[in-house]
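Report on the structure given below.
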Amino acid sequence: MRRMQALRLRTLELAVLLVLLTSVNVPAADRNPFAGDPKAAKAGEFEFRINCAFCHGLGARGGRGPDLTHAQKRHGSSDTDLFQNISNGIPGTAMPANGTNGQGVGMTDEEIWQIITYLRSIEVKAPSQPIGNAIQGKQLFYGDANCSLCHMFEGKGGRVGPDLTGAGASRTVEALIESVRNPSQKLAWGLTEPTKEFAQEYETVTVFMPDGKQIKGVAFNEDNFSLQMMDANEKIHLLEKDKVSSIKKSRESLMPVYDNTLLSDEDLHDIIAYLQGVGSK
Amino acid sequence: MTRVKHCAFVLIVAITAAGSYGQVTFERLVNAAKEPQNWLTYSGDYAGRRFSPLDQINTANARSLVAKWVYQTAATGKFETTPLVVDGILYATGQDDRAFALDARTGRPIWLYQRQLPADIRPCCGRVNRGLAILGDKVFMATLDAHVIALDAKTGNLIWDVSAVDYKNGYSFTLAPLAVKNFIVVGISGGEYGIRGFIDAYDADTGKRKWRFYTVPGPGEPGHDSWEGESWKIGGAPAWITGVYDPATNQLFWPTGNPSPSNRGEGRAGDNLYSNTLLALDADTGKLNWHFQFTKHDEHDWDATQVPIMIDSGAKHLIAQANRNGFFYVVDRTNGKLLSANAYAKTTWSGGKDAEGRPVANKESSPTPEGRTVCPGAIGSTNWMSPTFDSQTGLFYVTAREECDIFSTAPQPYEAGHAYYGSAYFPSDKAEPYWGALRALDPNNGQLKWEFRHLSPTYSGVLSTAGGLLFTGDAEGNFIALDAATGKPLWHFQMGGAVYASPMAFAVDGREYVAIAAGSSLYTFGLP
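Protein chains in written order, with the numbering used here: chain R, 4 to 284; chain W, 47 to 574.
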């Protein structure tokens, strides 16, 4: 009898515990307890600087990592998505899970919500009108503007420059315009060890061979003793430094400067519209 | 009957001999140079020189070095250990507070100790550990959950385990302890959590705490008035790298780290003693004899946790440190007086010196909410990776990092056990790309003798040997032997993982080995 009571009690306790757990756990990852709270947004701004600005830039306007002021985010835009992405990282990208980048310490759930509150406070709504004509942009990308000679987009194009499949979603229009008008401006700065897992830097290298030949292209990787690179014809060269005459490196991008005479504002806007995926499919 | 007696006598002799074999006495630690085949302390000797008297591998034959064996820890994260070697057995630690003993000739394991760490430990910068101390028949490890433990050197069995402080308030240990006399000295980590730093000594036999020196003075103690209001309670000043010991004066020289919060000086006006300071402590009592503060009221996270090196030059008893703030300091270790401070890397934070010759910070170097570019960056001109001093060349060798960062303040409330930086830093896209170099400095005048450039900054320390060689690693995974006189690279080996450790050397059966941790593996190299 006693035993029965004890069992029943345990069942009751379990039920209560389950309810408690459910009511505690679900909102933790589902609903922002600070939504719209300007104080939390301010705290979140500071947390953002400490934990996120290294890649996403001051003010979340992007850097090595995507611009986060877009309301539409590539890996999910809801509060839950943001919470999950910050907590667990984004597989297949350089975005690490909270507290695992080897520098600094992890954030609490509360701090993650503060960051989300901050991001919501600076979000810019996407313009209702596309910036240009995406169909024209596609033609230009693969045609007269020669973008696809070096850049891949959704599996089609060249390999010497960065794959632009995700660029439209993760960069602002201003950043995209700047990288076309002034391609060397944001050529990645030197990498620190924790950021080495980022994709290649697209640093321009010219190798002078003992027979007088020159190889110009972009570096995949390099150490004090060897260099792995791709030339403009997408040929991979694996070089030992003691067997070449000299190596010249430059932070001038191999990409030509597309000024107004080479590409009008209208054409550039069309290409950006294509990259942003607006009406392209 | 006689025969039985004889047998018993033989057995007793055998047991006694076995018992004394491998015992590491304090005398052996003091006279480490007399047994060059062994590596008995974190820095190889009490002076912190990281110099091996072995010369079998030398400038004439370094080109023929080959890998001898590799031990994999089967763990991820940074592998920062410096192994100890005693009479053919190698003792080291790995990620997540593993400790292990290997056959130093083959790399085959003898024992493995895996600490069961709580899930909520608070390491700042990875689940790292830099190594063990050895004394008697025990090895000692300081753990990420802020315990100090003693293991049986022969079996890895736990002998004692003491909690230094509650890890939940942001405390941890990452350093290799230092064995002195019959006690074990450790310094705490946690400068990112608003801890109150300390250095402890524990009885090697029992684990009983012998003394504690708080690196942030309490009320009524000298230096307490260098803190604003209650800020001393969360003032930081951790002591997370192994210090050095001077047997002649029975003093420990131990460097400390940043004040908390690291990049925001508001709320902690004053010099913030004894953050970023070299402390001279009486080894028996932990009493402070003198101190020298490298960076007063630091706002850039420039911990002074770099191994200082005792150098005797004629009648002069010096201690030298290449500091994270970009200056190379030479101090008279008899009294703590600064003798020289010269920049060994790019610095923009200081344009002048005080009456003692100490570089002082420009007002314009203080972080602001908008951010200011300052050199060196937050990681510093060097960091915890060990320098070396080679008495043959008379040069001090240090791994330098050339990087500038934007320092921005980001006020945070203090909460126990919770990250407390008050700041942020990031690379400036206008700054030069980061790079690094191994630099040879002359302690007599602070001048640069030569440098060997690294493509990117590395966390590898440096070893010098009597063979006229330097060994160091790089961020690209190379292990490199250089001529200590000229900096010319003589040999390299690609290990497939970045180096976050300092090399050491040992010998077994008359054959010299050089060892370094890279990736998740411990590599050894020797002549074919």
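For each residue, glycine too, the CB sits at the ideal point set by N, CA and C.
Cβ proximity to chain W below 7 Å picks out F49, R52, I53, A56, F57 and L61 from the segment 45-61 of chain R. In the structure shown, A276/R falls within a helical segment according to DSSP collapsed to helix, strand and coil. The C-beta of F228/R comes closer than 8 Å to at least one C-beta of chain W.
Around the CB of R109/W, fewer than 16 other CB atoms lie within 10 Å, so the residue is classed as exposed. Only buried fits V221/R, as 16 or more other CB atoms lie within 10 angstroms of its CB.
A direct Cα-Cα distance of roughly 11 Å separates V260/R from I180/R. As for any alpha helix (DSSP H) of minimum length 4 sitting wholly inside the segment 63-112 of chain W, the runs are 72-76, ordered along the chain. Nearest Cα to P169/W within the set G266/W, S235/W and W336/W: S235/W.
Under DSSP, no beta-bridge partner is assigned to L122/R.
Inter-residue distance for A561/W and L536/W is about 17 Å (C-alpha atoms, whole angstroms). With contacts defined as CB atoms closer than 8 Å, D358/W and K342/W fail to qualify as a contacting pair.
Taken in chain order, the unbroken stretches of alpha helix (DSSP H) that lie wholly in the segment 28-67 of chain R and span 4 residues or more are 41-54 and 56-59.
In the three-state DSSP reduction, V211/W falls in the coil class, being neither helix nor strand.
Out of A165/W, V131/W and T139/W, the CA that lies nearest to the CA of D149/W is found in V131/W. Within 8 Å of the CB of S454/W, the CB atoms of chain R belong to R52, A56 and L61, in sequence order along the chain. The beta carbon of K251/R lies closer than 6 Å to those of T209 in the same chain, with the five residues before and after it left out.
Proximity of chain R to D520/W at the Cβ level (cut-off 9 Å) is accounted for by D226 and N227, in chain order. Taking a Cβ-Cβ threshold of 9 Å, none of the residues of chain R is close to Q141/W; the smallest such distance is about 11 Å.
For T72/R, no chain W residue has a Cβ inside 9 Å of its Cβ, as the nearest lies near 17 Å away. Contact between the segment 521-540 of chain W and the segment 87-97 of chain W is not established, with fewer than three Cβ pairs separated by less than 8 Å. G153/W and K114/W have their C-alpha atoms some 9 Å from each other.
By the criterion of a C-beta distance shorter than 6 Å, F539/W is surrounded in its chain by F525, once the five residues flanking it on both sides are discounted. Put simply, the backbone Cα of E312/W is about 21 Å away from that of N54/R.
T120/R does not reach chain W, its nearest Cβ partner there being about 15 Å away, counting only Cβ pairs nearer than 8 Å. Taken through DSSP and simplified to helix, strand or coil, F144/R comes out as helix.
Secondary structure note for A170/R: its alpha helix (DSSP H) is the uninterrupted segment A170 to S173.
Close to T83/R, with beta-carbon spacing below 9 Å, lies no residue of chain W; the smallest spacing is near 24 Å. Counting other Cβ atoms within 10 Å of its Cβ, T87/W reaches 16 or more and is therefore classed as buried. Cβ proximity to chain R below 7 Å picks out G417 from the segment 414-437 of chain W. Contact check for L122/R against L61/R fails: the beta carbons are separated by 8 Å or more. Residues of chain R with a Cβ closer than 7 Å to the Cβ of Q458/W are, in chain order, F49. Residue pairing from DSSP places Y117/W in a beta bridge opposite L568/W. In the DSSP assignment, K238/R forms no beta bridge with any residue. For L179/R, the enclosing alpha helix (DSSP H) covers residues V176 to R184. Around the beta carbon of G360/W, a 10 Å sphere encloses fewer than 16 other beta carbons of the protein chains shown; the residue is thus reported as exposed. Residue pairing by DSSP places R418/W opposite F453/W in a beta bridge.
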